[in-house]
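K.L.:
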Amino acid sequence: MGARLARYATDPVDEDGDTLAGLAVDGQAVRGSRADGTAVHLLAAAFHACQTVIAQRRITAKSNDIPALAPLLDRIDLRGVVVTANAMHTQRAHAEHAMAAGGHYVLVVNGNQKKLRKQLQRLPWKQNPLQARTTGTGHGRRKVRRLKVCTVRPGLLLPHAVQAMEVKRRRTHHKTGKAKTKTVHAITSLPPEQASPTQLAELIQNHWSVEALHHGRDVTFGQDASRIRTGSAPRAMATLHNLAIGLIRQAGWTNIATAADHYRSPPARNSHAPTHNLRTHRPWTIG
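Numbering (the working numbering), first residue to last: 11 to 297.
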């Protein structure tokens with residue numbers, strides 16, 4: 011289903027070439043899928059621009075997301091695509107895989123790669139000026155992200171890395187006024203001539219589009235509360251939810267819950283749906 015929808019998904023690269031085609035990879039547990047407390051875990055890949063899942067893979071009970079990434083990406087044409095992922099996937103093999111397939115990567119660096127994180131922390135961030143700033147609101151919080159970029163030399167503990175990023179994220183709760191600041195480092199294979207600081211900031215921010223997708227599946231479609239547990243049914247339902255969200259996005263909606271309520275309404279009330287022409291000039295082929 012994801013492959014068929016991807017053929018009609020809005021092209022994530024704009025005509026001016028200013029927007030890079032980001033593909034977010036992230037995992038999620040379907041919490042209500044097992045009576046014994048365990049849960050089906052799925053790894054999904056979704057385009058940043060249209061938040062459309064184009065591939066999904068079930069993680070076996072005795073494994074995790076790491077060995078599942080390469081088989082998931084093998085189903086996707088990565089030429090010209092920037093794979094974004096959290097720190098779990100900041101692995102040498104994953105970086106090599108994305109590059110060998112004709113793509114690029116933006117990966118978060120955390121405590122699971124201690125030596126690499128130390129390399130990034132030692133870069134001259136204090137001497138570098140602020141190069142990009144993004145803001146946003148959601149879930150009762152205002153978010154401000156400030157980004158600095160530093161070119162790195164060969165020898166970094168991740169193949170093909172050419173730029174490093176330091177992101178300071180400040181979240182302020184509207185009601186309480188309390189604020190928290192967190193510093194995150196990331197690494198990319200994109201050279202400066204292909205990705206400006208603003209574009210890198212957008213890729214990092216848009217990676218969380220998959221989390222927004224999870225929120226839609228969990229809340230709007232009640233996925234976590236579902237008691238569908240037999241065989242491959244939990245994965246099938248998650249796929250159907252992905253399909254519904256993808257079609258809603260392609261129809262021009264920005265709020266999944268509002269769209270779901272709209273389409274549940276009688277036809278007489280469905281006269282104000284947004285209109286959206288699906289573009290097919292770049293079919294994203296899978297497999």
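All residues carry an ideal CB built from backbone N, CA and C; glycine is no exception.
Since this is a predicted model, take the numbers as computed values, not measurements.
Helix, strand or coil: which one does DSSP assign to H114?
P.N.:
Here residue 114 refers to the residue found at position 104 of the sequence shown. DSSP places H114 in strand when its eight states are reduced to three.
K.L.:
Over what stretch of residues does the beta strand (DSSP E) that includes R89 continue unbroken?
P.N.:
In the sequence shown, residue 89 corresponds to position 79, counting from 1. That residue, R89, is in no beta strand (DSSP E); it is neither H nor E in DSSP.
K.L.:
Would you mind stating whether A65 and L82 have Cβ atoms separated by less than 8 Å?
P.N.:
The count along the sequence shown starts at 1 and reaches residue 65 at position 55. The count along the sequence shown starts at 1 and reaches residue 82 at position 72. Closer than 8 Å, so yes.
K.L.:
With C-beta atoms as the reference, is Q215 less than 8 Å away from T144?
P.N.:
Counting from one through the sequence shown, the residue named residue 215 turns up at place 205. Counting from one through the sequence shown, the residue named residue 144 turns up at place 134. Yes. Within cutoff.
K.L.:
Look at the alpha carbon of Q123 and the alpha carbon of T100, and state the distance between them as a whole number of angstroms.
P.N.:
If you number the sequence shown from 1, residue 123 lands on position 113. If you number the sequence shown from 1, residue 100 lands on position 90. The straight-line gap from Cα to Cα measures roughly 8 Å.
K.L.:
Quick one: using the 10 Å Cβ neighbour count with 16 as the cut-off for buried, is H149 buried or exposed?
P.N.:
Position 139 of the sequence shown, counted from the first residue, corresponds to residue 149. By the neighbour-count rule (16 or more Cβ atoms within 10 Å), H149 is not buried but exposed.
K.L.:
Is the separation between the beta-carbon of L168 and that of V92 shorter than 8 Å?
P.N.:
Looking up residue 168 in the sequence shown gives position 158. Looking up residue 92 in the sequence shown gives position 82. Taking 8 Å as the Cβ cut-off, L168 and V92 do not qualify as a contacting pair.
K.L.:
Checking 8 Å against the spacing of the C-beta atoms, do L140 and R155 come in under that value?
P.N.:
In the sequence shown, residue 140 corresponds to position 130, counting from 1. In the sequence shown, residue 155 corresponds to position 145, counting from 1. Taking 8 Å as the Cβ cut-off, L140 and R155 do not qualify as a contacting pair.
K.L.:
From this set, N265, A196, S206, which residue's C-alpha is nearest H217's C-alpha?
P.N.:
Counting from 1 along the sequence shown, the entry for residue 217 is found at position 207. Closest by alpha carbon: A196.
K.L.:
Please state the DSSP three-state secondary structure of W135.
P.N.:
Mapped onto the sequence shown, residue 135 falls at position 125. Here W135 sits in coil by DSSP.
K.L.:
Look up T144 in the DSSP assignment and say whether it is helix, strand or coil.
P.N.:
As a first step, residue 144 must be located in the sequence shown, where it is residue number 134. T144 falls in the strand class under three-state DSSP.
K.L.:
Within 10 Å of its beta-carbon, does D271 have 16 or more other beta-carbons around it, so buried, or fewer, so exposed?
P.N.:
Working through the sequence shown from its first residue, we reach residue 271 at position 261. D271 comes out exposed.
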